[in-house]
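What follows is a set of notes on a single structure, which appears directly below.
Numbering (the numbering used here), first residue to last: 13 to 262.
Written as structure tokens, this is what we have:
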């Protein structure tokens, strides 16, 4: 289906026919500019779709569940929303407002730290010496992000939900390579920026309109391996409308 759409867009472009531009147009332009094969373009599209939809939905569910479990963080995010954009959930945040949501950004990063993609694969471009071990050029490296993101050498509260891991001073005291939920380098996730923006807009909108609660306990959660670390049994939350809650209280 993707290849058919790309061919249709290429035909429209060759015939100089006017049409609205979308992600397929960007792929067609990249394919022509960088001389990508159809397989390479399809692989790039798959990366973006997984990052933009599957990974984003799991991360959003994880973040909301954490905020339901730890209401002090949910309240801090909500107060930030009131300050930055107000309580109207129909208002779409601007780029500057999204960049001002520092507490929400820390919550998202912490959710990605705890419930990241399970691993990433890389091929060694040269021989690598690791103490007693030598990794030969061309070997496949299986990097387990789950363990890296919970290594007590880098994280003060490795197995806890602790958004302050991403305060600027904490980040400055950690090596760069100990956190990369979107992978890194030339084969890093091309949907990183898009996925992050979608998460911020989604969580900002939901948290301005609803309050989330849960009976689940953090230390009792059980997970299974998918694209990311995913919760067994679903992300069970009780959702309360903030305006109705206020009316009931008054």
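All C-beta atoms, glycine included, are put in the ideal place defined by N, C-alpha and C.
Using the beta-carbon count (16 or more within 10 Å), is residue i buried or exposed?
i	result
residue 78	buried
residue 180	exposed
residue 245	exposed
residue 258	Any reading at residue 258 needs caution, since the residue's pLDDT is 45, under 50, leaving its predicted position unreliable; the model's value is listed next. It is exposed - the Cβ of residue 258 has fewer than 16 other Cβ atoms within 10 Å.
residue 175	buried
residue 251	exposed
residue 97	buried
residue 74	buried
residue 92	buried
residue 115	buried
residue 184	exposed
residue 168	exposed
Starting from residue i, trace the beta strand (DSSP E) in both directions and tell me its first and last residue.
i	result
residue 236	235-237
residue 108	Here residue 108 belongs to no beta strand (DSSP E); instead the alpha helix (DSSP H) covers 107-112.
residue 248	Residue 248 -> no beta strand (DSSP E), and no H or E assigned at all.
residue 145	145-147
residue 155	152-156
residue 102	Per DSSP, residue 102 belongs to no beta strand (DSSP E) and is neither H nor E.
residue 136	It is not in any beta strand (DSSP E) - residue 136 carries neither H nor E in the DSSP assignment.
Do residue j and residue i have their beta-carbon atoms positioned less than 8 angstroms apart in this structure?
i	j	result
residue 159	residue 241	no
residue 71	residue 248	no
residue 134	residue 177	no
residue 129	residue 193	yes
residue 131	residue 156	yes
residue 230	residue 173	yes
Can you tell me where the alpha helix (DSSP H) with residue i in it begins and where it stops?
i	result
residue 77	67-81
Residue i: beta carbon under 7 angstroms from a heavy atom of the ligand NAP?
i	result
residue 233	This structure lacks the ligand NAP, and indeed carries no ligand of any kind.
Any contact between the stretch 103-110 and the stretch 140-156? By contact I mean 3 or more CB pairs, one from each, below 8 angstroms.
Flag = no, the stretch 103-110 and the stretch 140-156 do not touch.
When the Cβ atoms of the stretch 216-224 are set against those of the stretch 163-173, are three or more pairs found closer than 8 angstroms?
No, the stretch 216-224 is not in contact with the stretch 163-173.
Are three or more beta carbon pairs between the stretch 96-103 and the stretch 118-134 nearer than 8 angstroms?
The stretch 96-103 is not in contact with the stretch 118-134.
Inside the stretch 159-235 only - beta strand (DSSP E) runs reaching at least 3 residues:
With a minimum length of 3 residues, the continuous beta strand (DSSP E) runs that stay inside the stretch 159-235 are 222-225.
Closer than 8 angstroms is the cut-off here; do at least three beta carbon pairs connect the stretch 126-143 with the stretch 79-87?
In short, these stretches do not touch, since the Cβ pair count stays below three.
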